[in-house]
Structure formats: structure tokens, C-alpha cells
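K.L.:
Protein chains in written order, with full-length UniProt numbering: chain A, 1 to 325; chain B, 1 to 518.
Each residue gets a CB set at the ideal place from its N, CA and C atoms; glycine is no exception.
Remember, it's a predicted structure, so these values are computed and weren't measured experimentally.
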Amino acid sequence: MAMVDKESSAGTETIVPKLTIAQRLDRIQMHLKQEWQIYAMLAPLVIWFLLFNYRPMYGLQIAFKDYSVFLGIEGSPWIGFEHFETLFQSDQFVRAFKNTIIISLLSLFIGFPMPIILALMFNEILSETYKRTAQTIVYLPHFISSVIIAGIIITAFSPSAGIVNTFLGWFGVEPIYFLTKPEWFRPIFIGAGIWQEAGFQSIVFLAAIAGVNPSLYESAVVDGANRWQMMWKITIPCILPTIIIMLIIRIGNLLEVSFEMIILLYQPATYQTADVINTFIYRQGLVGGQYDVAAAAGLFNAVMAFVLVMSANAIAKRVSRTSLW
Amino acid sequence: MRIAKLTAVALATSALTSVAPAWADDHHKITEEPLELTVHMHHKRYTKYDEEWPVEQAAREMTNIHLKNVTVGSNSTSSEEAFNLLLASGKIPDIVGTSRIKDFVFQYGPQGAFLPLNDLIDEHAPNLKAYFDERPEVKAALSAADGNLYYIPYLPDGKYGRAFFIRYDWLDKLGLEVPNTVEEYEAVLRAFKEQDPNGNGVADEVPYFARQWEELIRLVTLWGGRSSGSDTYHDFYVEDATIKYPYMGEGYKEGIKNLARWYEEGLVDAEIFTRGSSSREFLLSENLGGATHDWFASTAGYNSSLQDSIEGFTFKAMVPPENVNGDRIEEHRRIPIKPDGWAIGGTNKHPVETIKYFDFWFTEEGRNLVNFGVEGEFWDMVDGKPTFKEEVLNNGRPMNSQLYEVGAQLHARGYFQNYEYEKQWSNEYALEGIALYDEGDYLIDQFLGVALNADEQKVYDRYFSQARTYMLEKQQAWILGSSDVEAEWDAYLAELDDMGMNKVLEVMQSAYERQYGG
Numbered sequence: 001m002a003m004v005d006k007e008s009s010a011g012t013e014t015i016v017p018k019l020t021i022a023q024r025l026d027r028i029q030m031h032l033k034q035e036w037q038i039y040a041m042l043a044p045l046v047i048w049f050l051l052f053n054y055r056p057m058y059g060l061q062i063a064f065k066d067y068s069v070f071l072g073i074e075g076s077p078w079i080g081f082e083h084f085e086t087l088f089q090s091d092q093f094v095r096a097f098k099n100t101i102i103i104s105l106l107s108l109f110i111g112f113p114m115p116i117i118l119a120l121m122f123n124e125i126l127s128e129t130y131k132r133t134a135q136t137i138v139y140l141p142h143f144i145s146s147v148i149i150a151g152i153i154i155t156a157f158s159p160s161a162g163i164v165n166t167f168l169g170w171f172g173v174e175p176i177y178f179l180t181k182p183e184w185f186r187p188i189f190i191g192a193g194i195w196q197e198a199g200f201q202s203i204v205f206l207a208a209i210a211g212v213n214p215s216l217y218e219s220a221v222v223d224g225a226n227r228w229q230m231m232w233k234i235t236i237p238c239i240l241p242t243i244i245i246m247l248i249i250r251i252g253n254l255l256e257v258s259f260e261m262i263i264l265l266y267q268p269a270t271y272q273t274a275d276v277i278n279t280f281i282y283r284q285g286l287v288g289g290q291y292d293v294a295a296a297a298g299l300f301n302a303v304m305a306f307v308l309v310m311s312a313n314a315i316a317k318r319v320s321r322t323s324l325w
Numbered sequence: 001m002r003i004a005k006l007t008a009v010a011l012a013t014s015a016l017t018s019v020a021p022a023w024a025d026d027h028h029k030i031t032e033e034p035l036e037l038t039v040h041m042h043h044k045r046y047t048k049y050d051e052e053w054p055v056e057q058a059a060r061e062m063t064n065i066h067l068k069n070v071t072v073g074s075n076s077t078s079s080e081e082a083f084n085l086l087l088a089s090g091k092i093p094d095i096v097g098t099s100r101i102k103d104f105v106f107q108y109g110p111q112g113a114f115l116p117l118n119d120l121i122d123e124h125a126p127n128l129k130a131y132f133d134e135r136p137e138v139k140a141a142l143s144a145a146d147g148n149l150y151y152i153p154y155l156p157d158g159k160y161g162r163a164f165f166i167r168y169d170w171l172d173k174l175g176l177e178v179p180n181t182v183e184e185y186e187a188v189l190r191a192f193k194e195q196d197p198n199g200n201g202v203a204d205e206v207p208y209f210a211r212q213w214e215e216l217i218r219l220v221t222l223w224g225g226r227s228s229g230s231d232t233y234h235d236f237y238v239e240d241a242t243i244k245y246p247y248m249g250e251g252y253k254e255g256i257k258n259l260a261r262w263y264e265e266g267l268v269d270a271e272i273f274t275r276g277s278s279s280r281e282f283l284l285s286e287n288l289g290g291a292t293h294d295w296f297a298s299t300a301g302y303n304s305s306l307q308d309s310i311e312g313f314t315f316k317a318m319v320p321p322e323n324v325n326g327d328r329i330e331e332h333r334r335i336p337i338k339p340d341g342w343a344i345g346g347t348n349k350h351p352v353e354t355i356k357y358f359d360f361w362f363t364e365e366g367r368n369l370v371n372f373g374v375e376g377e378f379w380d381m382v383d384g385k386p387t388f389k390e391e392v393l394n395n396g397r398p399m400n401s402q403l404y405e406v407g408a409q410l411h412a413r414g415y416f417q418n419y420e421y422e423k424q425w426s427n428e429y430a431l432e433g434i435a436l437y438d439e440g441d442y443l444i445d446q447f448l449g450v451a452l453n454a455d456e457q458k459v460y461d462r463y464f465s466q467a468r469t470y471m472l473e474k475q476q477a478w479i480l481g482s483s484d485v486e487a488e489w490d491a492y493l494a495e496l497d498d499m500g501m502n503k504v505l506e507v508m509q510s511a512y513e514r515q516y517g518g
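#1: Closer than 9 Å, Cβ to any Cβ of chain B: which residues of the region 83-102 of chain A, in chain order?
#2: Counting contacts by CB-CB distance shorter than 8 Å, is residue 146 of chain B in contact with chain A?
#3: Quick one: which residues of the region 437-469 of chain B get their C-beta closer than 8 Å to a C-beta of chain A? List them in chain order.
#4: How long is the line joining the alpha carbons of residue 459 of chain B and residue 60 of chain A, rounded to whole angstroms?
#5: Does any C-beta atom of chain A lie closer than 8 Å to the C-beta of residue 271 of chain B?
#6: What are the start and end residues of the alpha helix (DSSP H) that includes residue 122 of chain B?
#7: Here's the rule: buried if 16 or more other CB atoms are within 10 angstroms of the residue's CB, otherwise exposed. What is residue 193 of chain B?
#8: Just to confirm my understanding: we take residue 357 of chain B, look at its own chain, exclude 5 residues before and 5 after, and list those with CB closer than 7 Å. What are they?
#9: Go ahead and pull the three-state DSSP assignment for residue 21 of chain B.
#10: Is there a Cβ from chain A that is less than 8 Å from the Cβ of residue 203 of chain B?
#11: If we ignore side chains and look at the alpha-carbon of each, how far apart do residue 58 of chain A and residue 96 of chain B end up?
#12: To the nearest angstrom, how far is it from the Cα of residue 171 of chain A to the Cα of residue 243 of chain A?
#13: Would you say the region 154-171 of chain B touches the region 105-116 of chain B, given that touching needs at least three Cβ pairs under 8 Å?
#14: Exposed or buried, what is residue 115 of chain A when buried is set at 16 or more other beta-carbons lying within 10 Å of its beta-carbon?
#15: Nearest by alpha-carbon distance to residue 75 of chain B: which of B:190, B:92 and B:49 is it?
#16: With DSSP run on the structure shown, which of helix, strand or coil describes residue 283 of chain A?
#17: Return no unless some Cβ of chain A is closer than 8 Å to the Cβ of residue 174 of chain B.
#18: Please state whether DSSP places residue 292 of chain A in a helix, a strand or coil.
#19: If I measure Cβ to Cβ from residue 267 of chain A and keep anything under 7 Å in the same chain, skipping five residues before and after, which residues do I get?
#20: Relative to the C-alpha of residue 519 of chain B, which residue among B:268, B:270 and B:309 is closest?
#21: Look up residue 158 of chain B in the DSSP assignment and say whether it is helix, strand or coil.
#22: Please report the residue range of the beta strand (DSSP E) in which residue 42 of chain B lies.
#23: Just to confirm the assignment: which complete alpha helix (DSSP H) runs, minimum length 4, are found wholly within the region 271-310 of chain B?
#24: If we define contact as Cβ-Cβ less than 8 Å, is residue 180 of chain A a contact residue for chain B?
#25: Nearest by alpha-carbon distance to residue 237 of chain A: which of A:211, A:256 and A:262 is it?
#26: For residue 425 of chain B and residue 517 of chain B, what's the separation of their Cα atoms in angstroms?
#27: For the candidate residues B:104, B:56, B:67 and B:61, whose alpha-carbon lies nearest to that of residue 79 of chain B?
#28: With a cut-off of 8 Å, does the C-beta of residue 473 of chain B fall near any C-beta of chain A?
#29: Less than 8 Å between the CB atoms is what I'm expecting for residue 404 of chain B and residue 45 of chain B, so what's the real figure, rounded?
#30: Could you tell me the alpha carbon to alpha carbon distance between residue 28 of chain A and residue 36 of chain B, rounded to whole angstroms?
#31: Measuring CB to CB, does residue 38 of chain B end up less than 8 Å from residue 93 of chain B?
#32: Skipping 5 residues on each side, what residues in its chain have a beta carbon closer than 6 Å to that of residue 320 of chain A?
#33: Figure out for me which residue from A:201, A:224 and A:235 has the closest Cα to the Cα of residue 214 of chain A.
#34: Might you give, ordered along the chain, the residues of its own chain that have their beta carbon closer than 6 Å to the beta carbon of residue 247 of chain B, omitting 5 neighbours on each side?
#35: Note down, in chain order, every chain B residue with its Cβ under 8 Å from the Cβ of residue 159 of chain A.
#36: Could you give the distance in angstroms between the alpha-carbon of residue 525 of chain B and the alpha-carbon of residue 162 of chain B?
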């Protein structure tokens, strides 16, 4: 009997809403029987997401609890929004939040165009050997660990032996102890970030440029366009979707300032401009072991990032009809 | 089977030693039948307990207590992480030994995760009891907020930690005396700066340097201030039975004012905040550094390692210069109690045997075993004193690493260190400096910490970390000259009050009075 039902229902779409639960289950079973290989291939990824991205969300509740490791997540009493209130009453958290936004926006506005410019410049290089060498050199810093980068920066900006101060010395400038000056922290941090990552990030854009249809350039040459015009009228418009997608992804990670780098570079003297939410959490945790407050700050950070990526996507959709979803 | 096998290994070890082992008799046996206890032992130098350590095998043979390794989180060097993993696993083993155990037992002991040891010690641990009876202040410092003792700590021996070091050969070269007062100290540092003692024709000398910038702040003691009350930087201190914070006093203000001047005049390493831990190695070997405040043993070691490359190199300890009040203060010393050690898990079914086992390490044999390693292999008794064998001392490997490898000097175990162990391989210059400091009485009492109860802890957590951040920010700003301590001082104190620092001091005081009886 069931077999007959299923066969008749499978034939016509219009009957679907009228199916009983048993019939639906049958259909699903049938479907799984036919397509199980595809689901088997999907399964590892779904499990990975469930285990490592969804399961930990359970622990987020400690942001609303007076958490004790010994009592466990379940046993700790609920306290509502107290941790959030604590955070927002603290000048240092507000300052850290402000710094996070400023450092993120600055690295976005200054740092995001850099790999695009680099990719465009590489594209214009005619000598293959020169191009490959230059590319390798700009990729390299990406593979150096933050600790070493921080060491290089500290040495480079040292007032006694650093290359920067030596250079400034030629022009009669007195040595500056850059790493203890709040006004210099952001330029140094953002500059270091660009130096480290711009080359590697340009790979995506180079790939996009390589995908541009050569016949566009050929016809442009026939029409007498110069290289500059070709770049503006062909290359950039063609890679624009890639640029927008990269931008949205970047905005999603906006609040994730690479805090290990900040920890390595900052000093109490530069907290004023350098202290971000993550470093604030780190210090709170070290002194007080306040997992619950730290979880609250982290949750707040995540919510902000979510809002940012949603709005960026909406704007992108409206402006350029390109979007993540 | 397993136990029998381990015993066999221990026996084999003992059979190999030429000297008849002192532990051949049974007077340390705690149980007739071998008893197995589980242990979590984590320290960044050894992230798990090793049943094969010769010291453990010897102890097993003597006590009949067999520790079984169940350490969680061995792949991490963070003891906190490992401990949290242990808690998350839900099974506290019979014995937990780890660095930072004090914080864990203070928090979770009263909740039942660890057994209170007071009665156990009184009834079953004569050696521990004798130790504590002699030192009531240590027992007070170990007590949690509920008044109970939950762990047996690693108790370092020896008094001295850091000292003032100066280039004696530079002093000779410039015809200067060892500075006796803060004014003379300043004059000497200025002479180092201006009179080219390294003789290369360039004023590149760095008069005062330090591996940790906090050692610059430590110099406020020269103006009657304080920088910390213990061997941890920025810690509270006790004066006239009152808990104080060092960065709120008049002497500190004076000190910072003068240090800011020193910094501006270049008497202090201009890069002191960023040069970091390699600064001592670099500045001494480049013949640039003039004076510092650092550990006796490791700093004195440069006299041997650099004597060939720098002619006449003599970097030795000097007594602390007299401060503006006429006192000589060495603020840093070895703290007598470390927050590391071991405790008995709350579900341990053999608490009496376990405390007897803990007590074993405080007997003479146990203490020698944990300090010097296995008798006959590492040391022999000479004139009633354990003395390292020549071939162990002079095989070119650092003595402390050799000891760690065999399971001796494990800081995640509760034991009383014997300074003799270190003295036997200390550099002669370090011993000379220690003798110099022994002539005077420069050390000051240490703050051994308090156990906050849950309410006090809340206040402390809420205010202290941010107030401390604020104080450190100001401290650096003042030294670097970006703002003026004199002008800002009153506003600074008012701001600290606003940030709740006085509430923190209040809860620290109430905890202190409860614990040490006011």
C-alpha cells in the first residue's frame, strides 16, 4: 500500500501538501536512499560545524551567570546583564571599545586598498623574473610569526640602534622612543599589519585579474587605449565583484584585531591608544580569572561583528548587486 | 603485577648503588601492602608526573606509596589550563600537585574539592607539624578564607634574590668609590654616562639598565618608596599591620619624580621599557651596561663568562645605597612560601596515608631525597652534610636541570628546599655578594598574601585590575616625561579613590586581619 502511495505522490508536485506524515517520511527515506553519497560527503563538515561552532555556544550563557568553574556552567546562578553593566561602567572598557573601532576602521580604510594596488602594480610589470621575485618578497612577511615581527618592529623603532631613528638622525631629528608614545602606536601597528599581510592578500586579486577576458584588452588596444585607461576601464570593473566580496569578509572580521601583536607591542604608556577589547579581556582574565566577564565582552564583540557584516552586506547588495548571500 | 614490577625496578636501582641505601630499613613504610594513589602533577618544566623518576622510585620503595600518573593537560605548559581541564573532567585525583595551586585550593577547597589538612597534620604528620609550629606566620599565610589549610607548598630556602650590581672595574678606572648614598649613586651613574669608562671615545654607556622595567621602579626605595611587597611585581605590602599599595605613597611620588629626572638625563637606559630580557646579556657583553638590580647567581655568572672578552670585567654586588631617610633597603628577597605545591583531592579514600606520604618529604631522608636526588647516585654524606659527587657537579651540565631530570626539586610538590643544594654549585662571586649582604640587615618583611572570601574576592576582581592598569599607565607616563607627577599627584589619588582602590584596600585589610590576627 505505502509503495503505491509513494509512487503516485512522487509523480505530481501538486499532491505534496496533502501528504500524511508517514508518507513524507517515506519520501525522505527514498530520497536518502538515492542520494546518500552526497549526504555522506556533507556529513563531516556539518559535524565539524556542530562540534566546534555550535556546541561552544552553549557555554556563552556564562556571560549571564555568576560563573564558578567548580559549580560548572549548569550549576552557576543566573545574574542577568550584570556583567554587561560592569563592562559599560568601566572607562577602560569603553576606551578599549573605542580603540578597537578606531584601529579596525583605520586598518580597513588604509589596509584594504593596499593589496589591490599591489596586485594592479604587479599586473603592469612586464618582466616575468622581476615580477616573480617582487611577489615572493612581499609574500614573505606573511609566513613570519607575530613574535618575530614584533621583535623586528621593536628593533627597527629603537631609539639607540633602530633603523628608523638612524634615518631620522640624518635629517637632524632627535631620536624618538616610538613604542612608548601613544600617538605613534596606531601608525606603527597598522603599518606593520599592512607590511605583513598586503602581499599575501594580493594573491586573490591577482587571480581575479588573471580571469579577465583577454579579448577585452585586445579590442581596447585596437581602439587605442593606453595602459592607464585599460586599468581603470577594464581591470578594475572586472575585478569589482571580487573586491566587494573581500571587503564584506574583511568587515566581518573587523573587530578581530590581531591582539597577540598588540600584547607584544604595547606598554602601559601606550594603553591609551593601544588597548583593545581583546587585550582588555586578557588582562582582566589574568588578574581576576573572570571568565564570565570575559565571556560577556566576547559576546558583545561577536554581536557587534554580526551587525557590521549584515549591514555591510545590505549596503553592498544595494550599491553593486554583489553580496555574500 | 604492575606494582610488583615497579618495586623490582626500584630494587634494581638500589642494588646498583655502591653505598648501602639509608632507606633499606622499614621505618618510613606507611602501609604494609603497597598502596596506589592517583596524582595530577603539572608544572611548566615538567607537564606530567613520571613514575620512572629515580627520586620517585626511591620514595616508593621507602614509603610503599605508589603514585600513579593521571595528569590531565600535559600537552600545555599552562598549569591553569591543565587544572581547568582537570576540573572539567570532573574527577579530582587523590593528589593534585601544580604550580599556582594556592589560587585553586583557596577557591575550590572550601567548596569541597580538596580536603582540609589541619587535623590530618596534627594527628598524623609530626614533621609537618613541627615545621609549622616553628613558623606560625607560614601557617597563617597558607590558610584559606575559611581558616583551613588545603595545600602543602614548595618552600624555597635561602634569603637573597636580587641585589644591586655595579661595574667595579669602571669605578676603579674613574677613581670612584662604591656609592654609599643615593646622591653618590647618582653621581656614579652620571660619571659612567659622561666619562667614557669603556674607553671607546663615544658616550654610549648605559649607566643603569634592567631586564625588567619594573626594576627601574624598584629604585623608588632609594627615596623611601616601595614598589612591591613580595617577589611578584606590583604587589601589596604591609606596614604597621596595615595593607598598603606601593603606588599610593609619598615616598613613591618622590622616587618617581627623581627617576623621571634620571631618565631624562640619560642615567637610565632610554629603552628600558622595550629592551626586554636580553638586555643584560647584550649590554654587558657589549661593554655598555654599568649597573643593574638583578639575581645574585645568574648576574654574578657574567664575571666568569665575560672575563676573557672584556679586560678586567668585574660586575659585582654592592650593598644597597642609603636612601634619603638613611635606610638601606633591599626590597627583593626570595619569598619563603611559593603558591606552588600539592593538595589532597576531596574524594581521596586514604587521607591518612596521603598526609603521611606528604610528611615523608619533610623527614630528613625525604628532604635530602627531594633536594639532592638519590643518595649514592648524586651525592654522598660528607661530615653529616649531603654533598654532590664531583662527577655530577663538574660534568658541564647545569646542576638544576640534572636534578629536574631525576625528579628532584619539583616545585609542584610540597617540600622544604635546602639552600645547601644551590650553594654547592653557586659561582664564587655570587657567594661573595651574599656574604656582603649577610653583613648588614637590608631585607624587609615580605607580604605573603591573603585569602579573600567570596565577597571580598568580588570587590577585588571588580576594581583592582583596572585601578592597577591606571597606576601603571601613569607610572610610565611620569617616567617618560609625558606628564608631571608633582602636578598630577592629587588628581591621581582622587581618581584612584573613584576607581574603587580604597575598597580594594579595605577588603585586603579585612582578609589580612582575619588571617594574621591583625
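P.N.:
According to the data block:
#1: 86, 90, 91, 92 and 93
#2: Looking up residue 146 of chain B in the second sequence gives position 146. Answer no: the Cβ-Cβ gap between residue 146 of chain B and chain A never drops below 8 Å.
#3: 460, 461, 462, 464, 465, 466, 468 and 469
#4: By 1-based counting over the second sequence, the position of residue 459 of chain B is 459. By 1-based counting over the first sequence, the position of residue 60 of chain A is 60. If I take the Cα positions, the gap works out to 24 Å.
#5: Reading the second sequence from its first residue, position 271 is the one you call residue 271 of chain B. So yes, residue 271 of chain B belongs to the interface.
#6: Within the second sequence, numbered from 1, the residue matching residue 122 of chain B stands at position 122. From DSSP, the alpha helix (DSSP H) with residue 122 of chain B extends over 118-124.
#7: Numbered from 1 along the second sequence, position 193 holds the residue referred to as residue 193 of chain B. Its Cβ being crowded by 16 or more others within 10 Å, residue 193 of chain B is buried.
#8: Counting from 1 along the second sequence, the entry for residue 357 of chain B is found at position 357. Correct list, in chain order: 30, 63 and 65.
#9: As a working mapping, residue 21 of chain B is identified with position 21 in the second sequence. With a pLDDT of only 46 at residue 21 of chain B, under 50, the local geometry of the prediction cannot be trusted, and no value is derived from it.
#10: Here the question's residue 203 of chain B lines up with position 203 in the second sequence. Not closer than 8 Å to any Cβ of chain A, the Cβ of residue 203 of chain B fails to qualify, so no.
#11: Walking along the first sequence from the start, residue 58 of chain A turns up at place 58. Walking along the second sequence from the start, residue 96 of chain B turns up at place 96. Rounded to whole angstroms, residue 58 of chain A to residue 96 of chain B spans 29 Å at the Cα level.
#12: Taking the first sequence and counting its residues from 1, one reaches residue 171 of chain A at position 171. Taking the first sequence and counting its residues from 1, one reaches residue 243 of chain A at position 243. Computed Cα separation, rounded: 40 Å.
#13: no
#14: For the purposes of this step, residue 115 of chain A is identified with residue 115 of the first sequence, where counting begins at 1. The residue in question, residue 115 of chain A, is buried, as its Cβ has 16 or more Cβ neighbours within 10 Å.
#15: Residue 75 of chain B sits at position 75 when you count from the first residue of the second sequence. Nearest C-alpha to residue 75 of chain B: B:49.
#16: By one-based count along the first sequence, residue 283 of chain A stands at place 283. Helix, per DSSP.
#17: Residue numbering aside, residue 174 of chain B sits at position 174 when the second sequence is read from its first letter. Chain A contact via Cβ: absent.
#18: Working through the first sequence from its first residue, we reach residue 292 of chain A at position 292. Helix.
#19: Walking along the first sequence from the start, residue 267 of chain A turns up at place 267. Here the set comprises 179 and 180.
#20: Here chain B covers residues 1 to 518 and nothing more, so residue 519 of chain B does not appear.
#21: Position 158 of the second sequence, counting from 1, holds the residue named residue 158 of chain B. Three-state DSSP puts residue 158 of chain B in coil, outside helix and strand.
#22: In the second sequence, the residue the question calls residue 42 of chain B occupies position 42. Note, residue 42 of chain B: beta strand (DSSP E), 35-42.
#23: 279-285, 296-300 and 302-305
#24: Start at 1 with the first residue of the first sequence, and residue 180 of chain A comes out as number 180. Residue 180 of chain A counts as touching chain B.
#25: Your numbering for residue 237 of chain A matches position 237 in the first sequence. Of A:211, A:256 and A:262, the residue nearest in Cα terms is A:211.
#26: Position 425 of the second sequence holds residue 425 of chain B. Position 517 of the second sequence holds residue 517 of chain B. Residue 425 of chain B and residue 517 of chain B: Cα-Cα distance of roughly 41 Å.
#27: Along the second sequence, read from residue 1 onward, the residue named residue 79 of chain B stands at position 79. The candidate whose alpha carbon is nearest that of residue 79 of chain B is B:104.
#28: On the second sequence, position 473 is the one that residue 473 of chain B refers to. It does: the Cβ of residue 473 of chain B has a partner Cβ on chain A nearer than 8 Å.
#29: Within the second sequence, the letter at position 404 stands for residue 404 of chain B. Within the second sequence, the letter at position 45 stands for residue 45 of chain B. Sure, about 6 Å apart at Cβ, within 8 Å.
#30: Start at 1 with the first residue of the first sequence, and residue 28 of chain A comes out as number 28. Start at 1 with the first residue of the second sequence, and residue 36 of chain B comes out as number 36. Taking the straight line from one Cα to the other gives about 56 Å.
#31: For the purposes of this step, residue 38 of chain B is taken as residue 38 along the second sequence, with counting starting at 1. For the purposes of this step, residue 93 of chain B is taken as residue 93 along the second sequence, with counting starting at 1. Contact flag set, yes.
#32: Numbered from 1 along the first sequence, position 320 holds the residue referred to as residue 320 of chain A. So the list reads 244, once near-sequence residues are dropped.
#33: Taking the first sequence and counting its residues from 1, the one referred to as residue 214 of chain A is at position 214. That would be A:235, whose Cα lies nearest to the Cα of residue 214 of chain A.
#34: Taking the first residue of the second sequence as 1, we reach residue 247 of chain B at position 247. So the list reads 471, once near-sequence residues are dropped.
#35: Numbered from 1 along the first sequence, position 159 holds the residue referred to as residue 159 of chain A. Going along chain B in sequence order, the residues near residue 159 of chain A (Cβ under 8 Å) are 270 and 271.
#36: Any question about residue 525 of chain B goes unanswered here, given that chain B covers just 1 to 518.
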